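Each protein sequence line maps, in turn, to chains V and A. When we follow the numbering used here, the leftmost residue of the first sequence carries the number 725, and every step to the right adds one. When we follow the numbering used here, the leftmost residue of the second sequence carries the number 725, and every step to the right adds one. Just so it is clear, CB atoms sit at the ideal spot from N, CA and C, and this is done for glycine as well. Computed from a predicted structure; not experimentally measured. Since the structure comes first, as C-alpha cells, the remarks are kept for the end.
Number of protein chains: 2
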Amino acid sequence: MNYNELTPAQAKEEYARTLAEFEAIKAKGLKLNMARGKPSKQQLDLVSDILTVLADPADCVSDGIDARNYGELCGLPCARRYFADVLGCKPEQVFAGGSASLTLMYDLVAKGMTHGLKNSPRPWAQETGLKWLCPAPGYDRHFKITQSFGFELVTVPMTAEGPDMDAVERLVRDPKVKGIWTVPKYSNPDGVIYSAETVRRFAALRPAAPDFALVWDNAYGIHEFEGDYVPFPDILAECEKYGNADMVYEFASTSKITLPGAGISCMACSEANMAYLTALMGVQLISFDKVNQLRHVLYLKDKAHTLELMKQHAAIMGPKFRLVVDVLNREIAPRGLATWHEPKGGYFVSVNVRPGCAKRTWELCREAGVVMTDAGAAFPYGRDPQDSNLRVAPSLPPLEELEQAMAVFCVCLRLAALEQLV
Amino acid sequence: MNYNELTPAQAKEEYARTLAEFEAIKAKGLKLNMARGKPSKQQLDLVSDILTVLADPADCVSDGIDARNYGELCGLPCARRYFADVLGCKPEQVFAGGSASLTLMYDLVAKGMTHGLKNSPRPWAQETGLKWLCPAPGYDRHFKITQSFGFELVTVPMTAEGPDMDAVERLVRDPKVKGIWTVPKYSNPDGVIYSAETVRRFAALRPAAPDFALVWDNAYGIHEFEGDYVPFPDILAECEKYGNADMVYEFASTSKITLPGAGISCMACSEANMAYLTALMGVQLISFDKVNQLRHVLYLKDKAHTLELMKQHAAIMGPKFRLVVDVLNREIAPRGLATWHEPKGGYFVSVNVRPGCAKRTWELCREAGVVMTDAGAAFPYGRDPQDSNLRVAPSLPPLEELEQAMAVFCVCLRLAALEQLV
C-alpha cells in the first residue's frame, strides 16, 4: 500500500491503525539509542589485547626513543609510518596526535583564526564575512567548528559521487570562502565514496583564497562492513599533481578501529604545511601521548594487519546494516515513504523521508523511547531546508535492540507521514 | 679566593689556570644535558605497573561508564575526584584532560582570543595593545604562549615570597592587562613557594579587566624532594572568598608523577567558568583519553597514595639537588661568583651569576659538551636584562654524569667571570 496513492478514507483508516501500533509500542517503555556512531561493546572487546601490549620499560622504546618521556612533537616515528601506510602518503607528511582527530581539525581552524594558515595574508580573525563550504547532509561536528568561529556556512548539495563539484568550483571563486569540510569515503551520513572524478576535481580546484583549506576527513577510510577493502587515492599526492600541495589537510584516527575514547589520530599535509604548523604547535604542546601511539603501532602493526581487524568489525557491523536496510525495504519502500543509500562502509544510513516529516518522526521516536540523531543535524546550523533527512546510527545497540528500534522508527515514520496526509 | 677582590695580576693568573682547566675538560668530548626538567629513566621505571593496571574490559568501567567509548567531555568522574583531592578543590571544578596541561593553558588563551573568556566584553582578537604579566625569572613555555598570540609581555620581578605583589597590584589597574602566569609552588626556575600573604593578595586582586585570568600553574604542587609535603592553600576557595571566583584557572598534571609523555592533566576553575568553557570545548572534542585517566586513578588511587610515590621520586631527585647545591657551595660561593636558591621541591636551581656573564657561561658550557637551558630563557622574549640568570635542570642525568656536568658548569662560570675581569 503506497501511501502516496491512498484515498482520504484509506489514509484515515491507516492512520488509526498506525496510531494504535504507536501507542502499543509507547506502552512498552523502551529505551533504545541510534543517535551517534558509537561502536558497540562487542567491537571494543575485540581489541582488549591492546591494553597490555606494553608491559615493561623495555617495551616503551621505539627507534631509540623512550615513548614515556618528553619530546617528539610530531609523534613517534613508528606512528607516523603507520598512518602513512594506512593513508598511502609519506611519513614526513604525518603528524601523529592524541585521541581525537576532531581536536586536530578544530585546532587547524583555530590557528587559521589566530595566526593564519601557511599562505594566509593575515589571521582570519582580522577578516570579515568569511565563509566555509559544508556538503550536506554532512557531519554536524564539522559544521559546528566553523560555526563556532563565526564563518557563514554555505551548503553544497551531496550527490551519489560526492559533493556537487559544479557548485564547489563556482563557490571557491569567492575569496571569502576559506575552506570545505569533506568525508571522502563512506561520507557521514550518506555512506557515499567520492568518485575518482570528484577526487580529481577537488585536487585541481582553483580557489580564489590563497589559504583555502580542503579538510579531508578520512574518518572511514578502511571501514568496510560489506565486501573487501576499496582502494582510494592518496589526496596529498593528487593535490600535489595539480600544484595544490598546500591546499589539503587530511585527518584520520583509530577511534573506530581500536577504542573511541582512547585511540590515536593524525593530520597529514604537505611538508611545507607541516613546518609551518609545527612551529605554531610547538608553543601548544611538547607532544601528544606517545605511549598510546606505541601501544597502537605494536597492536595494529600495519595497514594489512589492521584490515584483518576491520574484517572482525565487519562481522559485527555488517548484520546490523543489513537489518536496517532489510527493515526499510520491507516496511518503508512499499509504502513509498522514503529513500536511502545502501552503504558498504562507514557508520550511518541516511534516510530521506517526505519533506516536512523528519522532525516529527524524530519527536515520535523520542516519545516511543528511541533516541535518534537530531533531525536537521546533518545540515548547517542544524536546519534541514526540506525537513526530510534522518540519520540512522545502528552501531551501538545489539542486534535484538536494533531490530526493536528499527520497528519503532518505521511506525513513527509512517505515523508522521499519515499525520500529513489526513 | 673571592674573584671580586682579585688584583689584576691575580686575575690574570687565575684566568690562565681556569682556561687550562677548561681546555682539559673540552678535550674529554663530553655530552651531557641539564637543559630541561625531564625526569630520569629511573623515575619512569618507578611507575611501570601503570602500564598493565587495566588488563581486560571489566577493568575499563568506572562509575558505570565504559572509559573505552565516546563521551564524558569533562573527563571520568573518578579522574575529576582524583585531581580535586590533590588540589583541595571540588570535583565539579575539575576538567580532566589529556597528556599535557600546557595544551589546556594554550587553549584557554586561544579561546580568550577567538571567543573571549566568561566575562570578556569581546574576543581578545578584537582588542589591541593587550598585555600579559610574566613574573621573571619564569617558565619560558608560558611566556611563549602569550607571545605567540601577540600580547605584550610585561616583566614582574620575582622575590623570595613570589612575584612582587606591589608591582602586580599596580599593573592590573591597566585594563589592557588580561592575565598573569604563575607557578605558585616551587616556582620555575627559582623553586620559591609563594607565601600565604602573596596567595592572599593574588586572591584579592582588583584587576581593571573584567576578564583578567590568574593562571595558576600548580605544576609542582606535590613535588617535594626534601622533607615532608608542604600544605598549600586551594586558590579556588581563596579567590571565591574575595569575590574573585571566576578570575582563576588552576592547572596540574601527572607529567612528573607518572610519565611525562603520557600522563593526565587538569584545569580547575569555578563552576560558572566550567559551564562557559565546556560549551566551547564541546565543539573541539568529545573527550580526552579516558582510558588513560582510569589507568592513572587506579594506579595513583588518591593524594595520600600519590605522596608515597613522590617520596620515591624524592629519593632519586634529592641527591641530585644536594649535589648541585654542594658543588655550588664549594666551587662558586667562596669565589663570590653567583647566588642561588636552595629549593626543597620542583625541578630547577636558578643561579644568578655576575651581570653580563650568563650567555657567555652558557656558550662555554656548550663548547665543553654540556647543554644548559638557553641563557635568558626564563625571561620574556628570552631577554634577560642583566644577562645574569642560568637555570640548572639536574633531573635527567644520572648522578655521576650530573657531577661531571656541574664541574664543567663551575669552570665555565669561573672562566666567563674572569674574561670580564681581565
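> Does any C-beta atom of chain V lie closer than 8 Å to the C-beta of residue 1009 of chain A?
Replying inline: Within the second sequence, the letter at position 285 stands for residue 1009 of chain A. Taking Cβ atoms only, chain V reaches closer than 8 Å to residue 1009 of chain A, which makes this a yes.
> Can we count residue 1093 of chain V as close to the ligand ADP, meaning its CB is less than 7 Å from some heavy atom?
Replying inline: No copy of the ligand ADP occurs in the structure displayed, which carries no ligand at all.
> When the cut-off is 8 Å and only beta carbons count, does residue 1103 of chain V lie next to chain A?
Replying inline: Numbered from its first residue, the first sequence carries residue 1103 of chain V at position 379. Output row for residue 1103 of chain V: interface = no.
> Counting contacts by CB-CB distance shorter than 8 Å, is residue 985 of chain V in contact with chain A?
Replying inline: The residue you call residue 985 of chain V lines up with position 261 of the first sequence. Taking Cβ atoms only, chain A reaches closer than 8 Å to residue 985 of chain V, which makes this a yes.
> Does the Cβ of residue 840 of chain V have 16 or more other Cβ atoms within 10 Å, making it buried, or fewer, making it exposed?
Replying inline: The residue you call residue 840 of chain V lines up with position 116 of the first sequence. Classification of residue 840 of chain V: buried, given that the 10 Å Cβ count is 16 or more.
>> So, with DSSP's three-state summary, where would you put residue 843 of chain V?
In response: Taking the first residue of the first sequence as position 1, residue 843 of chain V is located at position 119. Reduced to three states, the DSSP call for residue 843 of chain V is coil.
>> Starting from residue 868 of chain A, trace the alpha helix (DSSP H) in both directions and tell me its first and last residue.
In response: In the second sequence, counting from the first residue as 1, residue 868 of chain A sits at position 144. 864–872 is the extent of the alpha helix (DSSP H) around residue 868 of chain A.
> Using a Cβ cut-off of 7 Å, which residues of the stretch 821–833 of chain A contact any Cβ in chain V, in chain order?
Replying inline: 822, 823, 824, 826, 827 and 830
> Where residue 1007 of chain A and residue 795 of chain A are concerned, what is the direct C-alpha to C-alpha distance, given to the nearest angstrom?
Replying inline: By one-based count along the second sequence, residue 1007 of chain A stands at place 283. By one-based count along the second sequence, residue 795 of chain A stands at place 71. Rounded to the nearest angstrom, the gap between the Cα atoms of residue 1007 of chain A and residue 795 of chain A is 13 Å.
>> Tell me which residues share the same chain as residue 749 of chain V and place their Cβ nearer than 7 Å to its Cβ, disregarding the 5 neighbours each side in the sequence.
In response: Here the question's residue 749 of chain V lines up with position 25 in the first sequence. If we look at residue 749 of chain V and ignore the five residues flanking it on each side, its Cβ neighbours are 1092, 1132 and 1135.
> Using a Cβ-Cβ cut-off of 6 Å (strictly less than) and excluding sequence neighbours within five positions of residue 1081 of chain A, which residues of its own chain qualify?
Replying inline: What you label residue 1081 of chain A is simply residue 357 of the second sequence in a count that begins at 1. Correct list, in chain order: 1140 and 1141.
>> Applying the 10 Å Cβ sphere with the 16-neighbour rule, what's the burial state of residue 1123 of chain V?
In response: Your numbering for residue 1123 of chain V matches position 399 in the first sequence. That one is exposed.
> Taking Cβ positions, are residue 1069 of chain A and residue 944 of chain A nearer each other than 8 Å?
Replying inline: Here residue 1069 of chain A corresponds to residue number 345 of the second sequence, with the count starting at 1. Here residue 944 of chain A corresponds to residue number 220 of the second sequence, with the count starting at 1. The Cβ atoms of residue 1069 of chain A and residue 944 of chain A lie closer than 8 Å to each other.
>> Taking the alpha-carbon of residue 837 of chain V as reference, which of V:869, V:728 and V:880 has the nearest alpha-carbon?
In response: Looking up residue 837 of chain V in the first sequence gives position 113. That would be V:869, whose Cα lies nearest to the Cα of residue 837 of chain V.
> Can you tell me the Cα-Cα spacing of residue 821 of chain V and residue 908 of chain A, whole angstroms?
Replying inline: By 1-based counting over the first sequence, the position of residue 821 of chain V is 97. By 1-based counting over the second sequence, the position of residue 908 of chain A is 184. So the alpha carbons of these two residues sit roughly 30 Å apart.
>> Just to confirm my understanding: we take residue 786 of chain A, look at its own chain, exclude 5 residues before and 5 after, and list those with CB closer than 7 Å. What are they?
In response: If you number the second sequence from 1, residue 786 of chain A lands on position 62. Counting only Cβ-Cβ distances below 7 Å, and skipping sequence neighbours, we find 800, 802 and 1018.
>> Could you give the first and the last residue of the continuous alpha helix (DSSP H) run that contains residue 825 of chain A?
In response: In the second sequence, the residue the question calls residue 825 of chain A occupies position 101. Looking at the DSSP string, the run of the alpha helix (DSSP H) that includes residue 825 of chain A is 825–838.
> By Cβ distance, which residues of its chain are closer than 8 Å to residue 953 of chain V, with the 5 residues on each side in sequence left out?
Replying inline: Walking along the first sequence from the start, residue 953 of chain V turns up at place 229. Closer than 8 Å at the Cβ level, and outside the excluded window around residue 953 of chain V, lie 946, 1031 and 1034.
>> Here's the rule: buried if 16 or more other CB atoms are within 10 angstroms of the residue's CB, otherwise exposed. What is residue 915 of chain A?
In response: The sequence position of residue 915 of chain A within the second sequence is 191, counting from 1. Of the other Cβ atoms in all chains shown, 16 or more fall within 10 Å of the Cβ of residue 915 of chain A; this residue is therefore buried.
>> Looking at the secondary structure, which residues open and close the beta strand (DSSP E) in which residue 938 of chain V lies?
In response: For the purposes of this step, residue 938 of chain V is identified with residue 214 of the first sequence, where counting begins at 1. Note, residue 938 of chain V: beta strand (DSSP E), 937–941.
> Under a Cβ-count criterion, where at least 16 other Cβ atoms within 10 Å of its own Cβ denotes burial, should residue 1105 of chain A be classed as buried or exposed?
Replying inline: By 1-based counting over the second sequence, the position of residue 1105 of chain A is 381. Its Cβ having fewer than 16 others within 10 Å, residue 1105 of chain A is exposed.
> Buried or exposed: residue 676 of chain V, going by 16 or more other Cβ atoms within 10 Å of its Cβ?
Replying inline: In this structure chain V extends from 725 to 1146, so residue 676 of chain V is not present and cannot be described.
> From residue 1115 of chain A to residue 983 of chain A, what does the alpha carbon distance come to, in whole angstroms?
Replying inline: To locate residue 1115 of chain A, count along the second sequence from 1; it is residue 391. To locate residue 983 of chain A, count along the second sequence from 1; it is residue 259. Approximately 23 Å, taken between the alpha carbons.
> Skipping 5 residues on each side, what residues in its chain have a beta carbon closer than 7 Å to that of residue 793 of chain V?
Replying inline: As a position in the first sequence, residue 793 of chain V is number 69, starting the count at 1. Excluding positions up to five away in sequence, the list is empty.
> Got a sec: is the Cβ-Cβ distance from residue 869 of chain V to anything in chain A below 8 Å?
Replying inline: As a first step, residue 869 of chain V is located in the first sequence; it is residue number 145 there, counting from the start. Closer than 8 Å to some Cβ of chain A, the Cβ of residue 869 of chain V qualifies, so yes.
> In terms of DSSP beta bridges, what is residue 790 of chain A paired with?
Replying inline: For this step, residue 790 of chain A is matched to residue 66 along the second sequence. Paired residues: A:785.
> Under the three-state reduction of DSSP, which class applies to residue 962 of chain A: helix, strand or coil?
Replying inline: Translated into the one-based positions of the second sequence, residue 962 of chain A becomes position 238. Three-state result, residue 962 of chain A: helix.
> For a contact meaning CB atoms closer than 9 Å, what does residue 849 of chain V contact in chain A?
Replying inline: The residue labelled residue 849 of chain V in the question sits at position 125 within the first sequence. Chain A residues near residue 849 of chain V: 837, 838, 847, 849 and 850.
>> Let me make sure I understand the geometry here. Which of V:853, V:892 and V:891 has the alpha-carbon closest to that of residue 873 of chain V?
In response: In the first sequence, counting from the first residue as 1, residue 873 of chain V sits at position 149. Among V:853, V:892 and V:891, the Cα nearest to that of residue 873 of chain V is on V:853.
>> Helix, strand or coil, according to DSSP, for residue 1072 of chain A in the structure here?
In response: Your numbering for residue 1072 of chain A matches position 348 in the second sequence. The answer is coil: DSSP assigns residue 1072 of chain A none of H, G, I, E or B.
> Does residue 763 of chain A get closer than 8 Å to chain V when you measure Cβ to Cβ?
Replying inline: Here residue 763 of chain A is taken as the residue at index 39 of the second sequence, counted from 1. Output row for residue 763 of chain A: interface = yes.
> How long is the line joining the alpha carbons of residue 959 of chain V and residue 968 of chain V, rounded to whole angstroms?
Replying inline: Taking the first residue of the first sequence as position 1, residue 959 of chain V is located at position 235. Taking the first residue of the first sequence as position 1, residue 968 of chain V is located at position 244. One C-alpha to the other measures close to 10 Å.
>> If we define contact as Cβ-Cβ less than 8 Å, is residue 1016 of chain V a contact residue for chain A?
In response: As a first step, residue 1016 of chain V must be located in the first sequence, where it is residue number 292. Residue contact check for residue 1016 of chain V against chain A: a CB pair falls below 8 Å.
> Given residue 834 of chain V, which residues of its chain have a CB within under 8 Å of its CB, disregarding the five upstream and five downstream residues?
Replying inline: Residue mapping note: residue 834 of chain V aligns to position 110 of the first sequence, counting from 1. Within the same chain, residue 834 of chain V has close Cβ partners 873.
> Considering only residues of the same chain and omitting the five flanking positions on each side of residue 736 of chain V, which have a CB-CB separation below 7 Å?
Replying inline: Mapped onto the first sequence, residue 736 of chain V falls at position 12. Within the same chain, residue 736 of chain V has close Cβ partners 1146.
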